[in-house]
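Written below as C-alpha cells is the structure these notes are about.
Protein chains: 2
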Amino acid sequence: MSLPHAILTALLEKPSSGLELTRRFDRSIGYFWSATHQQIYRELGKLEKAGLIRALDRDVPTRGQKKEYEVLPSGREELERWVGVREDPRDPRDPLLLRLRATGVVGVGGDMVDELRRHRALHQERLAEYREFERRDAARGNGTERDRVHRLVLQGGIDLELFWVTWLDRALADLEDTG
Amino acid sequence: MSLPHAILTALLEKPSSGLELTRRFDRSIGYFWSATHQQIYRELGKLEKAGLIRALDRDVPTRGQKKEYEVLPSGREELERWVGVREDPRDPRDPLLLRLRATGVVGVGGDMVDELRRHRALHQERLAEYREFERRDAARGNGTERDRVHRLVLQGGIDLELFWVTWLDRALADLEDTG
DNA sequence: GAAAACATGTAAAAAGTTACATGATTTT
DNA sequence: AAAATCATGTAACTTTTTACATGTTTTC
C-alpha cells in the first residue's frame, strides 16, 4: 500500500495534476518508486473519494482538461500515520539474475553476455543522469530537513546504480573469460 | 512473467515438490526472486496443465501427500526461449525510501531513525548468511558453467546487501548528526 | 493419542501492467 | 486545418498478497 502515500507525499511537496505527477514519478520519485499514469489517475480518484485530497478550482471537470489536486488535513494525517509504520525490507525480484541463473541449466550462448552489456549501458546512463541531478542540487541550499532527505534518497539511487554497474562488470569479466 | 521460469529452472536443477520449491525459493533463488507457497502451487498446476512439467509417481494424488514434479522437453524449450528474451531493468520499488522521503514533508521524529537501524540489522543478518553460503561454496568445485553462474548470482545478492548496509550507515550518520 | 511438522491447496482482495479511448490546446 | 502534444480516463488482465482450509506423517 505505498502508491497512495507516494502520491500524498508528492502532492504535499507541490499540488499537481495527474500528468504532472506522472512526470515527477519518472524523475525524482522514480529513484525508488514508479507508477504509470493509469495507476496514478485511478489512485487520485480513490484518494479524492476517500476525502484525503481535493481537486482545485474545477467545478465541472471535463475530459482532457487539467485538474490539480491538493492534500486535505486528513490526507496529511494518514501520511503521518504511515511514516510510523514498521515494514520489513521487501523481497528482491529481478528477472535478469533469474535469466542468468537459468542459463546455468539450459546453456548460455553469447546472448546473455550481450544482454548483460545492454543492461550495463542502461544503468550507466541512469547513473550519469542521477549524478547530474546531484550536481544541480549541490548548488541549492541544504539547510532544511527536506533538502537533506532528498539528498539522501538521491544518494540511494546513485548507490543502487553503482551496485549494478559494478556487479555487471564483474559478471561480464567472468563470463567473457571462459564463455 | 518470471515465476513460471523460475520454477522451471529450479525443477531442472532438481525435481521437487511444491514445499521443497518453496524452501529453495527462501534460500538460493530468494537472492533475487521470492514466491510464497500459494503462488508456487498455483503455478505448478498451470505448468502441469500446459504440459511443461509432470508429476512423478502419483496416479491418485490426494491432499496432504507429497507430489514431485519434473520438467518435460517442452518445458525446457520454453525456458531456452525465455533466456534469449530482451527485457529492460525493472523499475525499483522500495517503500523504505518512500517513507524516508515522506518524513521530509511531514516531519521525522526519531521513529524513522529507529526504523533505519532496524533495517540495517536485517540487511546485516542476511549479508552474514550469504557470506556463509559463499564460504561453503568455495569448498565445492567451480568447474562447470552452472557453478560459476551460481557464484555470480550469489555475489549479486551479497553486493546488494552491502549496498543497503552502506547506504543505511550513511543515512543514519546524516540523520543522527542533526536529527 | 496429542502435538508438531509436513504437505497441498482454495478464495478473495490488492497492486501492477497493457491496451485502448477520447477530448483540449498548441504549434506548424 | 492538420499534426503534435497535453491531459484524463476505462477495461481487461496478470501478478502478488493475505487469510483460510484440510489432510498426512512423525515424534513425544
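Protein chains in written order, with UniProt numbering: chain A, 1 to 179; chain B, 1 to 179.
Backbone N, C-alpha and C fix where the C-beta goes; we use that ideal spot for every residue, glycine too.
No experiment lies behind these values; they were computed from the predicted model shown.
Note on the segment 75-106 of chain A: there is no whole beta strand (DSSP E) run with a minimum of 3 residues. Using a Cβ-Cβ cut-off of 8 Å, Asp137/A does not count as an interface residue toward chain B, since no Cβ of chain B sits closer than that to its own.
A Cβ of chain B is located within less than 8 Å of the beta carbon of Pro89/A.
Among the CB atoms of chain B, none fall inside 8 Å of the CB of Leu44/A. Among the CB atoms of chain B, one or more fall inside 8 Å of the CB of Gly104/A. In this structure the segment 112-125 of chain B does not touch the segment 17-33 of chain A; the number of beta carbon pairs closer than 8 Å is below three. The beta-bridge partner set that DSSP reports for Glu13/B is empty.
Cβ proximity to chain B below 8 Å picks out Leu8, Thr9, Leu12, Glu13, Ile29, Gly30, Tyr31, Phe32, Trp33, Ser34, Arg76, Leu79 and Glu80 from the UniProt domain "Transcription regulator PadR N-terminal" (7-80) of chain A. Assigned with DSSP and collapsed to three states, Arg54/B falls in strand. The Cβ neighbour count for Thr36/B, taken over all protein chains shown within 10 Å, is under 16; the residue is labelled exposed. By a beta-carbon distance limit of 8 Å, Pro95/B contacts Arg90/A. Their separation comes to about 7 Å. With respect to the C-alpha of Arg63/B, the residue from Tyr41/B, Glu70/B and Gly30/B having the closest C-alpha is Tyr41/B. Note that the C-beta distance between Asp169/A and Trp167/B is not below 8 Å. As the crow flies, the alpha-carbon of Leu56/A is around 6 Å from that of Tyr69/A. Exposure of Arg117/A is indicated by the presence of fewer than 16 other C-beta atoms within 10 angstroms of its C-beta. One alpha carbon belongs to Val85/B, the other to Leu172/B, and they sit about 40 Å apart. At a cut-off of 8 Å between beta carbons, Gln155/A contacts chain B. Contact check for Leu8/B against Glu78/B passes: the beta carbons are separated by less than 8 Å. Within the DSSP secondary-structure output, Glu70/A pairs in a beta bridge with Arg54/A. In the structure shown, Phe25/B adopts helical secondary structure according to DSSP, grouped into three states. Phe133/B is outside the set of residues whose beta carbon lies under 8 Å from a beta carbon in chain A. Around the beta carbon of Ala138/A, fewer than 16 other beta carbons sit within 10 angstroms, so the residue counts as exposed. Taking 8 Å as the cut-off, the Cβ atoms of Ala102/B and Val83/A count as close.
The straight-line gap separating the alpha-carbon atoms of Lys67/A and Val106/B is approximately 24 Å. Shortest Cα-Cα distance from Arg99/A to any of Ile53/B, Asp88/B, His123/B and Glu132/B involves Asp88/B.
Cβ neighbours of Gly157/A within its own chain (closer than 6 Å, five residues either side excluded): Tyr31 and Tyr130. Pairing Leu47/B with Pro4/B gives a Cβ-Cβ distance under 8 Å.
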